[in-house]
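See below for the structure under consideration.
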Amino acid sequence: FVEIEKKQLKYELLKKEKHIKDLDELIEEQEYEIEELKKQKTSKATDKKIAALKTEISEKKDRINQLNTENQKLNKKNIQLTKNLREIGVQVVNHDYDLQQWFNLIKQSNNISLLQQVINTFPDTPYAQSATQLIEIEKNKFSNFTQPIGNISFDMIAVKGGSFTMGETSSKHKLSNFYIAKFPVTQKLWREVMDKDPEELRFKGCDDCPVENVNWHDTQDFIKRLNKKTDKTFRLPTDAEWEFAAQGGLESKGYEYAGSNNADDVAWYDKNSDNKTHPVGQKDPNELDIYDMSGNVWEWCQDWYNSDKKWKVLRGGSWLYSVVSSGLRYRYGSDPSYGDYNLGFRLVLGLQFIPDKTS
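All letters in the sequence shown, in the order written, are residues 2 to 360 by our numbering.
So this is what it looks like as structure tokens:
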């Protein structure tokens with residue numbers, strides 16, 4: 002908690018500096034009062050008043066000297082704390098240096114010993130969880146993995162980060178490494194975590210079909226339970242992460258759909274779906290071996306659709322919609338409280354991500 006202590010020091014310094022300023026102003030007023038009294042006719046009362054004012058001024062100057070001495074000690078302590086931060090790889094800019102920025106610098110170093118210090122300093126926090134995952138990835142050289150959960154498991158694909166421009170918005174993004182699920186969340190996985198099907202599940206009895214009829218808030222409840230059971234920090238993909246992974250990341254061949262220019266190779270949409278969802282993994286994967294990112298079910302994302310913050314982003318199209326919506330650049334959105342039989346989701350494990358409590 003070195004950074005927190007630095008902020009407390011700043012507060013103490015500011016408080017003492019304000020006290021010194023207030024004392025200086027009082028001294029100035031009293032010195033002016035003495036000069037005015039000297040202009041008056043000399044008397045015992047006047048002399049007594051001047052003597053009293055001089056005594057008060059002397060006491061205030063002593064207090065100022067005391068405060069300055071205390072500030073010097075605080076400044077020395079602050080310098081030492083800054084040195085301590087630098088010794089663990091932190092570039093301190095000023096007193097307001099944000100803890101999130103500090104952690105980002107540590108993460109970027111990929112230094113296991115520094116990440117371990119984060120775990121030791123901030124146990125039982127998202128910082129420690131993220132540092133633990135980073136250490137695991139560094140040791141495992143960032144590769145695909147299988148996550149067990151109860152009696153089943155699901156596969157996560159390692160996506161190496163990079164820079165790209167999103168198609169519909171033309172916004173530029175630079176992404177760090179992250180994991181994305183090989184398949185959308187299935188009915189079987191949902192039941193393993195939540196102990197029951199969604200209340201309005203339409204296509205019941207298909208364990209390997211994507212779970213559907215879940216709204217954005219339902220996905221958050223699922224993720225909270227999953228994280229508690231796995232001790233990880235799974236979440237929804239951001240809009241940018243979804244598109245980057247769908248188009249094949251750094252391996253992208255520039256396809257229109259997720260893995261092909263022919264939608265029938267990779268997607269279930271209105272013309273070929275027979276009006277229902279299908280078990281995941283029946284179509285071809287994309288360049289990163291990720292399935293069903295075009296068609297089958299729309300996939301909720303973490304982001305708001307636009308600046309009015311009324312809708313959450315949906316990507317990928319579905320069995321119910323036309324082939325156009327299955328295109329990689331097509332963005333859609335919906336009220337986060339709305340669920341439907343063609344809305345599902347996919348998991349991400351973002352190692353550079355600290356959960357935003359306001360999301």
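Every residue gets a Cβ at the ideal spot worked out from N, C-alpha and C, and that includes glycine.
Original post:
Is the CB-CB distance between Trp217 and Pro337 below 8 Å?
Top reply: Taking the first residue of the sequence shown as position 1, residue 217 is located at position 216. Taking the first residue of the sequence shown as position 1, residue 337 is located at position 336. Cβ atoms of Trp217 and Pro337: closer than 8 Å.
Subject >> Contact under 8 Å by Cβ, Leu350 with Asp271 >> reply: Along the sequence shown, one-based indexing puts residue 350 at 349. Along the sequence shown, one-based indexing puts residue 271 at 270. No, these two residues do not count as a Cβ contact at 8 Å.
Subject >> Exposure of Val212, with buried meaning 16 or more beta-carbon neighbours within 10 Å >> reply: Position 211 of the sequence shown holds residue 212. With 16 or more other Cβ atoms within 10 Å, it is buried.
**OP:** Have a look at Leu176 and Phe104 and give me their C-alpha separation to the nearest angstrom.
**Re:** Within the sequence shown, the letter at position 175 stands for residue 176. Within the sequence shown, the letter at position 103 stands for residue 104. Near 17 Å, if we compare the C-alpha coordinates of Phe104 and Leu176.
Original post:
Should Ala46 be labelled buried (16 or more other beta-carbon atoms within 10 Å of its own) or exposed?
Top reply: As a position in the sequence shown, residue 46 is number 45, starting the count at 1. Answer is exposed; the Cβ neighbour count stays below 16.
Original post:
Is Lys19 helix, strand or coil by DSSP?
Top reply: Here residue 19 corresponds to residue number 18 of the sequence shown, with the count starting at 1. The answer is helix: DSSP assigns Lys19 an H, G or I state.
Original post:
Using the rule of at least 16 other Cβ atoms within 10 Å of the residue's Cβ for burial, across every protein chain shown, is Ser323 buried or exposed?
Top reply: Taking the first residue of the sequence shown as 1, we reach residue 323 at position 322. With fewer than 16 other Cβ atoms within 10 Å, it is exposed.
Original post:
Hey, out of Gln81, Lys40 and Lys233, whose CA is closest to Tyr128's CA?
Top reply: On the sequence shown, position 127 is the one that residue 128 refers to. If we check each option's Cα against that of Tyr128, Lys233 comes out closest.
Subject >> Residues that Tyr258 bridges to, as DSSP identifies them >> reply: As a working note, residue 258 is residue 257 in the sequence shown. Answer is Ser261, bridged to Tyr258.
Subject >> Leu15 versus Leu24: straight-line alpha-carbon distance, rounded >> reply: Taking the sequence shown and counting its residues from 1, the one referred to as residue 15 is at position 14. Taking the sequence shown and counting its residues from 1, the one referred to as residue 24 is at position 23. Rounded to whole angstroms, Leu15 to Leu24 spans 14 Å at the Cα level.
Original post:
beta strand (DSSP E) containing Lys272: first to last residue?
Top reply: Along the sequence shown, one-based indexing puts residue 272 at 271. Counting along the chain, Lys272 falls outside any beta strand (DSSP E), and DSSP gives it neither H nor E.
**OP:** Give the C-beta separation of Lys230 and Val194 to the nearest angstrom, bearing in mind that I take them to be a contact with Cβ-Cβ under 8 Å.
**Re:** Position 229 of the sequence shown, counting from 1, holds the residue named residue 230. Position 193 of the sequence shown, counting from 1, holds the residue named residue 194. Indeed, because the Cβ distance is near 7 Å, the residues count as touching under 8 Å.
Subject >> Straight-line gap, Gly345 to Asp304 (C-alpha atoms, nearest Å) >> reply: As a position in the sequence shown, residue 345 is number 344, starting the count at 1. As a position in the sequence shown, residue 304 is number 303, starting the count at 1. The alpha-carbon atoms of Gly345 and Asp304 are separated by roughly 15 Å.
Original post:
In whole angstroms, what separates the C-alpha of Gly260 from that of Gly249?
Top reply: Stepping through the sequence shown from its first residue, residue 260 is reached at position 259. Stepping through the sequence shown from its first residue, residue 249 is reached at position 248. Rounded to whole angstroms, Gly260 to Gly249 spans 7 Å at the Cα level.
Original post:
Excluding the five sequence neighbours on either side, which residues of its own chain have a C-beta within less than 6 Å of the C-beta of Ser274, listed in chain order?
Top reply: On the sequence shown, residue 274 is found 273 positions in, with the first residue counted as 1. So the list reads Trp320, once near-sequence residues are dropped.
Original post:
Would DSSP call Gln188 helix, strand or coil?
Top reply: The residue labelled residue 188 in the question sits at position 187 within the sequence shown. Helix.
Original post:
Alpha carbon to alpha carbon, how far is Lys161 from Leu68?
Top reply: Position 160 of the sequence shown holds residue 161. Position 67 of the sequence shown holds residue 68. Each residue's Cα considered, the two are about 54 Å apart.
**OP:** Drop a sphere of 10 angstroms on the beta-carbon of Leu251, count the other beta-carbons inside from all chains shown, and report buried for 16 or more, exposed for fewer.
**Re:** As a working note, residue 251 is residue 250 in the sequence shown. By the neighbour-count rule (16 or more Cβ atoms within 10 Å), Leu251 is not buried but exposed.
Subject >> Buried versus exposed, by CB contacts within 10 Å (16 or more), Pro199 >> reply: As a working mapping, residue 199 is identified with position 198 in the sequence shown. Pro199 comes out buried.
Subject >> C-beta atoms of Gly318 and Asp219 nearer than 8 Å >> reply: The count along the sequence shown starts at 1 and reaches residue 318 at position 317. The count along the sequence shown starts at 1 and reaches residue 219 at position 218. No, they are not a contact pair.
**OP:** Drop a sphere of 10 angstroms on the beta-carbon of Gln81, count the other beta-carbons inside from all chains shown, and report buried for 16 or more, exposed for fewer.
**Re:** Residue 81 sits at position 80 when you count from the first residue of the sequence shown. Gln81 comes out exposed.
Original post:
Taking all protein chains shown into account, do 16 or more other C-beta atoms lie within 10 angstroms of the C-beta of Arg347, making it buried, or fewer, making it exposed?
Top reply: The residue given as residue 347 occupies position 346 in the sequence shown. With 16 or more Cβ atoms within 10 Å of its Cβ, Arg347 is classed as buried.
**OP:** Check each candidate in Glu257, Met157, Pro124 and Pro149 and name the one with the smallest Cα separation from Ile138.
**Re:** Numbered from its first residue, the sequence shown carries residue 138 at position 137. For Ile138, the nearest C-alpha among the options comes from Met157.
**OP:** Return the first residue and the last residue of the alpha helix (DSSP H) that Thr234 is part of.
**Re:** Mapped onto the sequence shown, residue 234 falls at position 233. Neither: Thr234 is in no alpha helix (DSSP H) and is coded neither H nor E.
Subject >> Span separating the alpha-carbon of Lys62 from that of Thr70 >> reply: Taking the first residue of the sequence shown as position 1, residue 62 is located at position 61. Taking the first residue of the sequence shown as position 1, residue 70 is located at position 69. Their Cα atoms are separated by approximately 12 Å.
Original post:
Whose CA, out of Thr147, Asp125 and Leu116, lies closest to the CA of Ala132?
Top reply: Position 131 of the sequence shown, counted from the first residue, corresponds to residue 132. Taking only the C-alpha atoms, the option nearest Ala132 is Leu116.
**OP:** Over the uninterrupted alpha helix (DSSP H) stretch that includes Glu411, give me the two end residues.
**Re:** Any answer about residue 411 is impossible in this case: the structure gives the chain only from 2 up to 360.
**OP:** Just the C-alpha distance for Phe179 and Lys310, rounded to the nearest angstrom, thanks.
**Re:** Counting from one through the sequence shown, the residue named residue 179 turns up at place 178. Counting from one through the sequence shown, the residue named residue 310 turns up at place 309. Taking the straight line from one Cα to the other gives about 25 Å.
Subject >> the segment 183-191 touching the segment 161-173, judged by at least three CB pairs closer than 8 Å >> reply: no
Subject >> For Met157, the three-state DSSP class (helix, strand or coil) >> reply: Position 156 of the sequence shown holds residue 157. Three-state DSSP puts Met157 in a strand.
Original post:
Is Lys313 buried or exposed, if buried means 16 or more other CB atoms sit within 10 Å of its CB?
Top reply: Against the sequence shown, residue 313 aligns to sequence position 312. Answer is buried; the Cβ neighbour count reaches 16.
Subject >> Pairwise C-alpha distance: Gln130 and Pro124 >> reply: Within the sequence shown, numbered from 1, the residue matching residue 124 stands at position 123. Within the sequence shown, numbered from 1, the residue matching residue 130 stands at position 129. Their Cα atoms are separated by approximately 8 Å.
**OP:** Taking all protein chains shown into account, decide if Val298 is buried (16 or more other Cβ within 10 angstroms of its Cβ) or exposed.
**Re:** Within the sequence shown, residue 298 is the residue found at index 297, counting from 1. Val298 is buried by the Cβ-count criterion.
**OP:** For Asn121, count neighbouring C-beta atoms within 10 Å of its own C-beta (all shown protein chains included) and say buried if the count is 16 or more, exposed if not.
**Re:** In the sequence shown, residue 121 corresponds to position 120, counting from 1. Its Cβ having fewer than 16 others within 10 Å, Asn121 is exposed.
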